[in-house]
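Line by line, the protein sequences give chains A and B.
With our numbering, the residue at position 68 of the first sequence is 53, and numbering never jumps.
Throughout, our numbering is defined as the position within the second sequence, counted from one, plus 7.
Working notes, beginning with the structure itself.
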Amino acid sequence: MSDDRIVEQGLGQDAAPGDEPQDAGSGIAQGLLSYLVGLGLAVLLTVTSFYLAGSDLVWRPSIPVALVVLAIAQMGVHLVFFLHITTGPENTNNVMALGFGVLIVFLLIGGSLWIMAHLNQNMMPMNQIMQMQH
Amino acid sequence: MTAVPFSTGEADPYRRGQGPGHGQGHGHAVGRGDGGPAPKRVVVGYGFWIFLLSDIVMFSAFFASYAVLAGQTAGGPSGHDLFDQRNAAVETACLLASSFTCGMASLACEVKNRLWFYAAMAVTCGLGLAFLGLEANEFVSFIVRGAGPTRSAFLSAFFTLVGCHGLHVSAGILWLLTMMAQVFAKGFRADIERRILCFALFWHALDIIWVALFTVVYLLGAAA
């Protein structure tokens, strides 16, 4: 492969997070379209979240799960359309860092909730602790 | 990426260092130790991305403490009594719209159009200030009703989490004004453009944190 072709196709060059995909074509119109699509999807997901939270439309115990799923979907929309994190080879480093960050976040939040739930379950009831102190 | 790896007969399309292409030297930086360091814009953006992820990890600790303490109201008001979903919805709208106008500022920076850059940044600043005003208003109304951060473990965790996000937004607005001043004084120089890239990443990341925040605090809190 000649060097010219590498430059032309953006192959083999890394992209900074926030950079537009290099095959997007003619600059500003494509960029504007990307932000508009992102805004539309984000508004749709947000409105759905707020509507579901106070409605009887679906089975009530399922609402928290639905809200969490909608939030994760919206974070994905923000990452793709606003932060321009893609799966292209020029974005590998950014995706790897994101993956590590997400792993730590899940370990931290999931681990805390798991451990604290078990501690609560195994703790002596509060009135018994009070009696032991006298 | 328009090239299809197998149909073009290219040996190593994803630069994994496999195949016959490896070892002959690439003319361009690929960020895997071949061909020298990546361009400065890529290195700066990547470094700032790492900072943002570490910031998100810090927020996840606040989220974890909030989730653990959300039920510990010590006889005081719970989230169901306090939270106003309409207020949260308007705050969300402000932040989402500001994220969009921040994207417009990035585009204006790309084509080096000062007028559109100033206009988009000014709208972003206004929406950010509106968000902060609503949040401050909410905090004051809680404290006046005797639900300040000292009332219960739940409220301590709430004020820490939401207040920390508010502090980030305040810092973002200061940075935004700084970038407007720098473009005014120095124009769209390469180093200024890198700073604008980092600012845009910061502002979009704040919006991502707010998505988690309004879901966990306001929607799940009011539903429970």
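Glycine residues also receive a C-beta, built at the ideal position from the N, C-alpha and C atoms.
Nothing here was measured: the structure is a model prediction, and the numbers come from that model.
**Asked** residue 4/A by DSSP, collapsed to three states: which one?
**Response** coil
**Asked** Applying a beta-carbon distance threshold of less than 9 angstroms, which residues of chain A neighbour residue 211/B?
**Response** Under the 9 angstroms cutoff, chain A gives 3, 63, 64, 67, 68.
**Partner residues on chain B for residue 18/A, Cβ-Cβ distance less than 9 angstroms** = The contacting residues do not exist; residue 18/A stays about 11 angstroms from chain B at best.
**7 angstroms Cβ shell around residue 116/B - same chain, five flanking residues per side excluded** = Cβ within range, chain order: 124, 195, 200, 203.
**Asked** Does the Cβ of residue 110/B have 16 or more other Cβ atoms within 10 Å, making it buried, or fewer, making it exposed?
**Response** buried
**Prompt:** Can you tell me whether residue 105/A is buried or exposed, with buried defined as 16 or more other CB within 10 angstroms of its CB?
**Reply:** That one is exposed.
**Item:** Whole runs of the alpha helix (DSSP H) within the stretch 110 to 177 of chain B, excluding any shorter than 4 residues
**Value:** 121 to 151
**Request:** Jot down the residue ranges of each uninterrupted beta strand (DSSP E) in the stretch 60 to 114 of chain A, minimum 3 residues, whole runs only, in chain order.
**Result:** none
**Asked** residue 86/B lies in the alpha helix (DSSP H); which residues open and close that run?
**Response** 86 to 89
**Asked** Nearest chain A C-beta to residue 92/B closer than 8 angstroms, yes or no?
**Response** yes
**Request:** Return yes when the Cβ of residue 128/B is within less than 8 angstroms of the Cβ of residue 112/B, no when it is not.
**Result:** yes
**Message:** I want to verify the contact list: residues of chain A whose CB lies under 8 angstroms from the CB of residue 163/B, in sequence order.
**Reply:** Near residue 163/B there are no residues of chain A at all, since even the closest Cβ is about 16 angstroms away, more than 8 angstroms.
**Prompt:** Where does residue 61/B fall in DSSP's three states?
**Reply:** helix
**Asked** What residues from the stretch 70 to 91 of chain B come within 7 angstroms of chain A, judged by C-beta to C-beta, listed N to C?
**Response** 70, 71, 74, 75
**Asked** Skipping 5 residues on each side, what residues in its chain have a beta carbon closer than 6 angstroms to that of residue 73/B?
**Response** 164, 168
**Request:** Give a yes or no on whether the C-beta atoms belonging to residue 55/A and residue 40/A are separated by under 8 angstroms.
**Result:** no
**Asked** Does residue 190/B get closer than 8 angstroms to chain E when you measure Cβ to Cβ?
**Response** No chain E is part of this structure, whose protein chains are labelled A and B.
**Asked** Are the Cβ atoms of residue 179/B and residue 213/B separated by less than 8 angstroms?
**Response** yes
**Request:** Please look up how many angstroms separate the CB atoms of residue 64/B and residue 86/A, rounded, as I've assumed it's under 8 angstroms.
**Result:** 6 angstroms
**Prompt:** Which residues in chain B sit within 9 angstroms of residue 31/A, going by Cβ to Cβ distance?
**Reply:** 96, 99, 100, 103, 218, 221
**Message:** Closer than 7 angstroms to a non-hydrogen atom of the ligand NAP - does that hold for the CB of residue 187/B?
**Reply:** As for the ligand NAP, it is missing from this structure, which has no ligand bound.
**Prompt:** Since residue 56/B and residue 79/A are thought to touch, with beta carbons under 8 angstroms apart, how far apart are those beta carbons, to the nearest angstrom?
**Reply:** 6 angstroms
**Asked** Around the C-beta of residue 225/B, are 16 or more other C-beta atoms found within 10 angstroms, so that it is buried, or is it exposed?
**Response** It is buried - the Cβ of residue 225/B has at least 16 other Cβ atoms within 10 Å.
**Prompt:** Counting only beta-carbon atoms, is residue 39/A nearer than 8 angstroms to chain B?
**Reply:** yes
**Asked** Do three or more CB pairs link the stretch 129 to 141 of chain B to the stretch 172 to 188 of chain B at distances below 8 angstroms?
**Response** They touch, by the three-pair rule.
**Message:** Quick check on residue 49/A: does DSSP put it in helix, strand or coil?
**Reply:** helix
**Message:** Just to check my reading of the structure: residue 197/B and residue 83/B have Cβ atoms closer than 8 angstroms, yes? What is that Cβ distance to the nearest angstrom?
**Reply:** Distance from residue 197/B to residue 83/B at the Cβ level is roughly 54 angstroms; contact not present, criterion being Cβ atoms closer than 8 angstroms.
**Request:** Answer yes or no: do residue 62/A and residue 26/A have a C-beta to C-beta separation smaller than 8 angstroms?
**Result:** yes
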